[in-house]
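Line order of the protein sequences matches chains A and B. Per our numbering: the first sequence = residues 1 to 465. Per our numbering: the second sequence = residues 1 to 465. Even for Gly, the Cβ is constructed at its ideal location relative to N, Cα and C. What follows is a single structure, written as structure tokens, with notes after it.
2 protein chains.
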Amino acid sequence: MRVKVKQIKSGGEKNAFLGKEVTVKGWIRTVRNQKTFSFVELNDGSSLTSLQIVVDQKLPNYAELISDLNTGASIAATGKIVEGVDKKQLEMHADSLEIIGKCDPETYPLQKKRHSFEFLRTIAHLRPRTNTLGAVARIRNALAYATHQFFQDRGFLYVHTPIITTSDCEGAGQLFQVTTLNVDNLPKTKEGKIDYSKDFFQKPAYLTVSGQLEGEIYASAVSDIYTFGPTFRAENSNTARHLAEFWMIEPEMAFADINDNMDNVEAYLKFVFQYVLDNCREDMLFFNKYISPGVLDTLQKIVGTPFERASYTYAVRILEKSGENFQFPIKWGMDLQSEHERYLVEKFFDKPVIITDYPKDIKAFYMKENNDGKTVAAMDVLVPKVGELVGGSQREDRLDILEEKLERQGLPKDNYWWYLELRKYGSIPHAGYGVGFERLIRFVTGMENIRDVIPFPRYPGSAEF
Amino acid sequence: MRVKVKQIKSGGEKNAFLGKEVTVKGWIRTVRNQKTFSFVELNDGSSLTSLQIVVDQKLPNYAELISDLNTGASIAATGKIVEGVDKKQLEMHADSLEIIGKCDPETYPLQKKRHSFEFLRTIAHLRPRTNTLGAVARIRNALAYATHQFFQDRGFLYVHTPIITTSDCEGAGQLFQVTTLNVDNLPKTKEGKIDYSKDFFQKPAYLTVSGQLEGEIYASAVSDIYTFGPTFRAENSNTARHLAEFWMIEPEMAFADINDNMDNVEAYLKFVFQYVLDNCREDMLFFNKYISPGVLDTLQKIVGTPFERASYTYAVRILEKSGENFQFPIKWGMDLQSEHERYLVEKFFDKPVIITDYPKDIKAFYMKENNDGKTVAAMDVLVPKVGELVGGSQREDRLDILEEKLERQGLPKDNYWWYLELRKYGSIPHAGYGVGFERLIRFVTGMENIRDVIPFPRYPGSAEF
């Protein structure tokens, strides 16, 4: 019977597998040859730690084996699970061992030494075999599943909003165009323009920047929904914080205001952090030790602390009185810069804080205008180190005001006919937010570059693999 | 306290809410005015059935209310939950009722009468408010969550494979091109060709048709994975069975052969069908009654029946001896047509059947060649009514044979350098399959047109909403 390393390891000393004969399959991480034994570390990706296999040189096929027992080779081993000499770890005494796929140690790109993350990106087909990228994969998986659990437990429906779209959520941001036209020989109209009637969708189409507007459609029918899918930005941003393709989680709640929104996002973040603490302890200890010391403590603290809530206006007052020498001196009406956010969350409040009610001129058209006529019911969740982790708002549910805002921002009303009709037929107060999934993983793991928390990052000049 | 209709309905007679005062919020489906009462059916999307609210005309604001109590309006009602006259259904006696968002009955596109699905597609922003599309949304949600549960419970990691790609899984199928070039004024090289160095990814990029190849990368590091994301086909197919944008589930298992693959897909399908039977009974009764009589029975039967397994060669023999007058007479070497698949699954076996070991010339390059030199370890799962529901294979894990096959199919080896390296460094026997998610929903619900089982369908000429 094949068992995974995680199953063997998880039981500790009173392990169900202790003394039992089992088979394990995986890839060799390291080999140490002693006088009469070889020690082989086998990893199958189920856990960070490998299983030590003691290979007795008296095994009948040992002579053939030895030259192929190399880092990277895939093997199957059968033997008894016993306590190691230090009694802390279980190991296997192999009765048989088979090489499944050889690995030439001379050319294998993953050597025992530590590789830079930059280098690992060039071998994205092999990097999940490293400790760090393997751990990222498990944390990413856990955060995704925890996300589904959180919303499903609360009766939210998972909705797949479209990827290809002819409308653009915020009327802002650069888009990827999607076409089946032969760009080497574009069809033209009599007027010499591109003949989009020949394109697949018979008009220009783009990759979505957000599923929010379509999410609002479903919230306006089934009350509470969430999306979880890829979104795209074509900005030429070559930074550690931007991806051209990334995953977003966008809940939308009917009959909900900005306070319900804040309650939900706080509960959501605490739930997924607690899930990782409960289910990915070994990986988190790894990140805490080798990648971002203190990250475990930060998560634990957040889970146990009520988030602070403060209005933008109050936050600006705090910043003005801070005595800090900001690069961008703050003034009411300006968007908060990263330095401001970090001062608020790290120095002033020293805990996550939700900033609400931003000036309407710096926020998107769909946010609900407050009664003061100057602000909108927007919210940003700020956390230590990364700053803004989540953005959201109550949505404008009044038809006349929404039409005015579209006009004010120069957006064509015709493009939003269906969005406006949601306010015409049984309009509801509703609210939602967007979580950049990679930003969330980056926060949880403490990984520095966002390109290392997604399996195959897309950024300017790079869509390999 | 706001409760959802599903919570009230789910308890039956011994309901926790019976005799309690609660608040419900949702949209009016119908209003019937009697002499001294109005009966309002409120639906909030949490369940198929609505809650009947008895509105006494003695309510202080009744006179104002009455003209706005229209189908489509959003309301909040507070009152006691009591047994209806027939004692079968619970209803609410309203103490107060508030119109939240009005709905003009003259212009509201969703009238009481039955609308065609074609018409409803033109109002995709309102159609989830109908019985059928609401039920589809709940079934779709349940199948998605059940999918995650199935794989998570078995230690599979959820992997997000890329949407934008420069490699194409099967070397076949029409692609959507993704670009940030200004198509009205394309940059050109000295030779007059399009200067892709100016494009976002500095080379032509496309929307993925499958995450399989990248899934194999992760299986070759962490053993068992699954993907669940959007995929794209630019074929100009205007049928009830094709979408340009659809979601796929693609598990990939390390140290697994075609038999493990068959075991897994059978367990997967039974798990998700059972989940829907257990969790979506009301919606399934609806589909069984109004959309596809017998669909409930079909699911129940499948869950309790071992799938048949038959080789392609055996299947061809059955078809040859069937005495049926097929439009396409079958011969070894041909791909099975829909009529053949339906004969096998509906007439001959009368249960789901997995056909394996297809002729290598009609299958993709990555499938493992069998020892007979003529067939590959492919598998298709056939089910009643829809035919092929899932396709999969054991993958070719021998470097030399894979290189040969690429060459034979005229695919450029350089494009697959990383895919080939998986066979060079610790290669493993592995297998996987792909489930078209919309096809799965179509099968479960019995909905005829695939455009009605995805929130916002994309097909030739249409990317609205």
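Nonlocal neighbours in the same chain, by C-beta distance under 8 Å from residue i, ignoring five residues either side
| i | result |
| --- | --- |
| Glu41 of chain A | Ile28, Arg29, Thr30, Val31, Ser50, Leu51, Gln52, Ile53 |
| Phe349 of chain A | Glu308, Ala310 |
| His430 of chain A | Glu216, Ala219, Ser220, Glu252, Met253, Ala254, Phe255, Ala256, Gln394, Arg395, Asp397 |
| Phe443 of chain B | Val383, Lys385, Val386, Leu389 |
| Asp260 of chain B | Met253, Ala431 |
| Val453 of chain A | Val136, Arg140, Glu438, Ile441, Arg442, Thr445, Met447 |
| Pro105 of chain A | Asn70, Thr71, Gly72 |
| Pro187 of chain A | Leu181, Ile194, Asp195, Lys198 |
Residue i to residue j span [Cα, whole Å]
| i | j | result |
| --- | --- | --- |
| Leu126 of chain B | Thr161 of chain A | 15 Å |
| Pro460 of chain A | Asn236 of chain A | 6 Å |
| Glu191 of chain A | Gln177 of chain A | 22 Å |
| Val136 of chain B | Ser47 of chain B | 11 Å |
| Gln202 of chain B | Ser462 of chain A | 7 Å |
| Asn15 of chain B | Lys351 of chain B | 40 Å |
| Thr313 of chain B | Lys360 of chain B | 12 Å |
| Asp68 of chain B | Cys103 of chain B | 7 Å |
| Thr356 of chain B | Arg2 of chain A | 25 Å |
| Val183 of chain A | Thr189 of chain B | 14 Å |
| Glu341 of chain A | Phe39 of chain A | 51 Å |
| Tyr108 of chain A | Val82 of chain A | 32 Å |
| Gly72 of chain A | Ile8 of chain A | 21 Å |
| Ala124 of chain B | Glu21 of chain B | 35 Å |
| Glu464 of chain B | Thr122 of chain B | 9 Å |
| Tyr158 of chain B | Glu91 of chain B | 43 Å |
| Gln274 of chain A | Gln89 of chain A | 27 Å |
| Arg114 of chain B | Glu403 of chain B | 57 Å |
| Leu422 of chain B | Glu214 of chain B | 11 Å |
| Glu98 of chain B | Gly426 of chain A | 12 Å |
| Gly134 of chain B | Val222 of chain A | 7 Å |
| Phe200 of chain B | Thr227 of chain B | 26 Å |
| Gln111 of chain A | Leu59 of chain A | 27 Å |
| Gln337 of chain B | Val376 of chain B | 18 Å |
Contacting residues, own chain, Cβ-Cβ under 7 Å from residue i (five flanking each side not counted)
| i | result |
| --- | --- |
| Gln37 of chain B | First, the residue type needs correcting, since residue 37 of chain B is Phe and not Gln in the sequence shown. Within the same chain, Phe37 of chain B has close Cβ partners Val54, Val55, Asp56, Gln57. |
| Ile428 of chain B | Ser220, Ala254, Phe255, Asp397 |
| Leu406 of chain A | Phe365, Lys413, Tyr416 |
| Ile401 of chain B | Glu369 |
| Asp335 of chain A | Ile362 |
Under 9 Å between C-beta atoms of residue i and residue j
| i | j | result |
| --- | --- | --- |
| Asp263 of chain B | Phe156 of chain B | no |
| Ala146 of chain A | Val265 of chain A | no |
| Lys25 of chain A | Ser74 of chain A | yes |
| Val449 of chain B | Phe117 of chain B | Looking at the sequence itself, residue 449 of chain B is Asn, so the reference to Val does not match. Yes, Cβ-Cβ distance for Asn449 of chain B and Phe117 of chain B is below 9 Å. |
| Thr180 of chain B | Pro204 of chain B | no |
| His242 of chain B | His148 of chain A | no |
| Lys270 of chain B | Ile302 of chain B | yes |
Spatial neighbours of residue i in its chain, beta-carbon cut-off 6 Å, leaving aside the 5 residues before and after
| i | result |
| --- | --- |
| Ala378 of chain A | Tyr358, Lys363, Met367, Ser393 |
| Leu296 of chain B | Met284, Asn288 |
| Val5 of chain A | Asp44, Ser46, Ser47, Leu51 |
| Trp332 of chain B | Val316 |
| Ser495 of chain A | With chain A running from 1 to 465 in the structure shown, residue 495 of chain A is simply not present. |
Cβ of residue i within 9 Å of any chain C Cβ
| i | result |
| --- | --- |
| Tyr268 of chain A | Chain labels in this structure do not include chain C; the protein chains are A and B. |
(request) For the region 86–121 of chain B, list the beta strand (DSSP E) runs that are entirely contained and at least 3 residues long, ordered along the chain. (result) Within the region 86–121 of chain B, the complete beta strand (DSSP E) runs of at least 3 residues are 90–101.
(message) Restricting to runs no shorter than 4 residues, where is the alpha helix (DSSP H) found entirely within the region 174–253 of chain A?
(response) You should have 212–222.
(request) Would you list, in chain order, the members of the region 230–258 of chain A that have their beta-carbon closer than 9 Å to a beta-carbon of chain B? (result) Of all residues in the region 230–258 of chain A, only Pro230, Phe232, Ala234, Asn236, Ala244, Glu245, Trp247, Ala254, Phe255 come within less than 9 Å of chain B when Cβ atoms are compared, listed by chain position.
(request) Starting from the N-terminal side, write out each stretch of the alpha helix (DSSP H) that is 4 residues or longer and does not extend beyond the region 16–65 of chain B. (result) Within the region 16–65 of chain B, the complete alpha helix (DSSP H) runs of at least 4 residues are 62–65.
(message) Closer than 7 Å between beta carbons: that is the criterion. Which residues of the region 190–206 of chain B meet it against chain A?
(response) Listed in sequence order: Ile194, Phe200, Phe201, Gln202, Ala205.
(request) Identify every run of the alpha helix (DSSP H) within the region 392–433 of chain B, keeping only runs that are complete inside it and at least 4 residues long; order them along the chain. (result) Complete alpha helix (DSSP H) runs here, min 4: 399–408, 417–421.
(request) With 7 Å as the limit, tell me which residues of the region 134–162 of chain A have their beta carbon closer than that to any beta carbon of chain B; keep them in chain order. (result) Listed in sequence order: Gly134, Ala137, Arg138, Asn141, Ala144, Tyr145, His148, Gln152, Gly155, Leu157, Tyr158, Val159, His160, Thr161, Pro162.
(request) Determine which residues of the region 99–129 of chain A have a Cβ less than 9 Å from any Cβ of chain B, and write them out in chain order. (result) Within the region 99–129 of chain A, Ile100, Gly101, Lys102, Cys103, Asp104, Thr107, Tyr108, Pro109, Leu110, Ile123, Ala124, His125, Leu126, Arg127, Pro128, Arg129 place their CB atoms closer than 9 Å to a CB of chain B, listed in sequence order.
(message) Going residue by residue through the region 128–163 of chain A, where are the continuous alpha helix (DSSP H) segments of at least 4 residues, counting only ones entirely within it?
(response) 131–153, all fully within the region 128–163 of chain A.
(request) With 7 Å as the C-beta to C-beta threshold (strictly closer), list the residues of the region 64–85 of chain B near chain A in chain order. (result) Answer in chain order: Gly72, Ala73, Ser74.
(request) Name, going along the chain, the residues of the region 415–444 of chain B whose beta-carbon falls closer than 7 Å to a beta-carbon of chain A. (result) Result list: Trp418, Glu421, Leu422, Tyr425, Gly426, Ser427, Ile428.
(request) Anything in the region 453–464 of chain A with a Cβ closer than 8 Å to a Cβ of chain B? List those residues in chain order, please. (result) Within the region 453–464 of chain A, the qualifying residues are Ile454, Pro455, Phe456, Arg458, Pro460, Gly461, Ser462, Ala463, Glu464.
(request) Using a Cβ-Cβ cut-off of less than 8 Å, give me the residues of the region 14–30 of chain B that come near chain A, in sequence order. (result) So the close ones are Lys25, Gly26, Trp27, Ile28.
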